[in-house]
Amino acid sequence: MKLSILLATTAAIVLAGPVMAQETDETGTNFAEDQRGEGTTGVEQLALSQELYAYGVDARDPLAVIVAARIRQGVEVEEREYEIAEQDGEAEEAEIELASAADMLDEARVLARGDEALAGLIEEVEADASRGRVGGPGRASGWVGARSTTTYNVTFRGGERAAIWANGPGRTDLDMYVYDQNGNLICRHIDYSDSMSCYFTPRWTGNFQVQIRNLGNIGVSHNLVTN
Numbered sequence: 003m004k005l006s007i008l009l010a011t012t013a014a015i016v017l018a019g020p021v022m023a024q025e026t027d028e029t030g031t032n033f034a035e036d037q038r039g040e041g042t043t044g045v046e047q048l049a050l051s052q053e054l055y056a057y058g059v060d061a062r063d064p065l066a067v068i069v070a071a072r073i074r075q076g077v078e079v080e081e082r083e084y085e086i087a088e089q090d091g092e093a094e095e096a097e098i099e100l101a102s103a104a105d106m107l108d109e110a111r112v113l114a115r116g117d118e119a120l121a122g123l124i125e126e127v128e129a130d131a132s133r134g135r136v137g138g139p140g141r142a143s144g145w146v147g148a149r150s151t152t153t154y155n156v157t158f159r160g161g162e163r164a165a166i167w168a169n170g171p172g173r174t175d176l177d178m179y180v181y182d183q184n185g186n187l188i189c190r191h192i193d194y195s196d197s198m199s200c201y202f203t204p205r206w207t208g209n210f211q212v213q214i215r216n217l218g219n220i221g222v223s224h225n226l227v228t229n
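Below, the structure written as structure tokens:
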């Protein structure tokens, strides 16, 4: 009985060996069509806060700005550097920042001047500043010339939701294209604005190229945020 157990155990180890050593198949497209990320990433929360803030300022809507600040203060952002794979033309110094929760609340005070109810909401949001922060998003600023493209190398983990968001200063049309290491187009965001996002789940951990394309006639700075 003991010998049979030993033989069975040995056979199991031998059979398992090749499975454990098997390498990930990195051919084809690095996109898991049957996998959907669950929950909302910090990148998505950050993007929502910035876009809602921009709307609130344009519409002079203090309540929208207050809500944007509440979302923004829940996301911790770290500064990163992304490797530039290729850049058309000569880069200029990038000068662009993400609006902080404090910036948003300062703007909300101006828009809500004389409204005691909104002033109370602003104070309430400030009091909750340290609660429930979501970490993870990394942010860098970059430059893309007129009628040009800047390409970044970014690595994402296999089986985990990848989130990318970028925006410019509102002076030109920017689009985003994302390619895997095999040159396959994974995602693109095309419209007439300069706010872009792509979300997908890779099949394996690998490098992706994120292209920011400038369709306008002036070069601009931009933010690039990933998880």
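Numbering (our numbering), first residue to last: 3 to 229. Glycine included, C-beta positions come from ideal geometry on N, C-alpha and C.
Taking the C-alpha atoms as reference points, what is the distance between residue i and residue j?
i: Val16; j: Thr207; result: Its pLDDT being 35, under 50, Val16 is placed unreliably by the model, and nothing is read from it.
i: Ile192; j: Ile86; result: 21 Å
i: Gln211; j: Ile220; result: 23 Å
i: Met106; j: Trp145; result: 25 Å
i: Asp63; j: Thr157; result: 38 Å
i: Thr29; j: Asp60; result: 46 Å
i: Arg72; j: Glu99; result: 18 Å
i: Glu126; j: Leu120; result: 10 Å
i: Val21; j: Gly58; result: Note that Val21 scores a pLDDT of 39, beneath 50, so its modelled location is shaky; the value from the coordinates is reported in the next line. Taking the straight line joining both Cα atoms gives about 55 Å.
i: Tyr181; j: Leu187; result: 4 Å
i: Glu128; j: Gln75; result: 9 Å
i: Gly95; j: Gln52; result: A quick correction: the sequence has Glu, not Gly, at residue 95. Computed Cα separation, rounded: 22 Å.
i: Gln183; j: Asn32; result: 8 Å
i: Glu92; j: Gln213; result: 16 Å
i: Gln24; j: Asp36; result: Bear in mind that the predicted position of Gln24 carries a pLDDT of just 46, short of 50, making it too unreliable to give a figure here.
i: Asn209; j: Asp108; result: 40 Å
Do residue j and residue i count as a contact pair if the criterion is CB distance below 8 Å?
i: Ser252; j: Glu81; result: Residue 252 lies beyond the range of the chain shown here (3 to 229); nothing can be said about it.
i: Asp90; j: Ser150; result: yes
i: Ile124; j: Ala110; result: yes
i: Val77; j: Gly44; result: yes
i: Tyr154; j: Tyr201; result: no
i: Met198; j: Ala168; result: yes
i: Thr203; j: Ala34; result: yes
i: Gly172; j: Asn216; result: no
i: Gly160; j: Arg205; result: yes
Chain C beta carbons: is any one of them nearer than 8 Å to that of residue i?
i: Arg72; result: Judged by its chain identifiers, the structure shown contains no chain C, having just a single protein chain.
In three-state DSSP terms, what is residue i?
i: Asp182; result: strand
i: Leu100; result: coil
i: Glu161; result: Checking the displayed sequence, the identity of residue 161 turns out to be Gly instead of Glu. Coil, per DSSP.
i: Glu83; result: coil
i: Ser51; result: helix
i: Arg190; result: strand
i: Glu95; result: coil
i: Ile166; result: strand
i: Glu118; result: helix
i: Gly221; result: coil
i: Glu128; result: helix
i: Arg149; result: coil
From the DSSP output, read off the bridge partner residues of residue i.
i: Arg74; result: Paired residue(s): none; Arg74 is not in a bridge.
i: Arg141; result: Glu81 and Val227
i: Asp177; result: Arg215
i: Phe210; result: Val156 and Asp182
i: Phe202; result: Ala164
i: Thr29; result: DSSP, once it has assigned bridges, lists no residue as partnering Thr29.
i: Thr43; result: None, per the DSSP bridge assignment.
i: Ser197; result: Asn169
Quick one: measure Cβ to Cβ for residue i and residue j, integer angstroms, because I've assumed they're closer than 8 Å.
i: Asp175; j: Gly218; result: 5 Å
i: Arg141; j: Asn225; result: 6 Å
i: Pro139; j: Leu65; result: That belief does not hold up - the Cβ atoms of Pro139 and Leu65 are roughly 25 Å apart, past 8 Å.
i: Val67; j: Leu113; result: 6 Å
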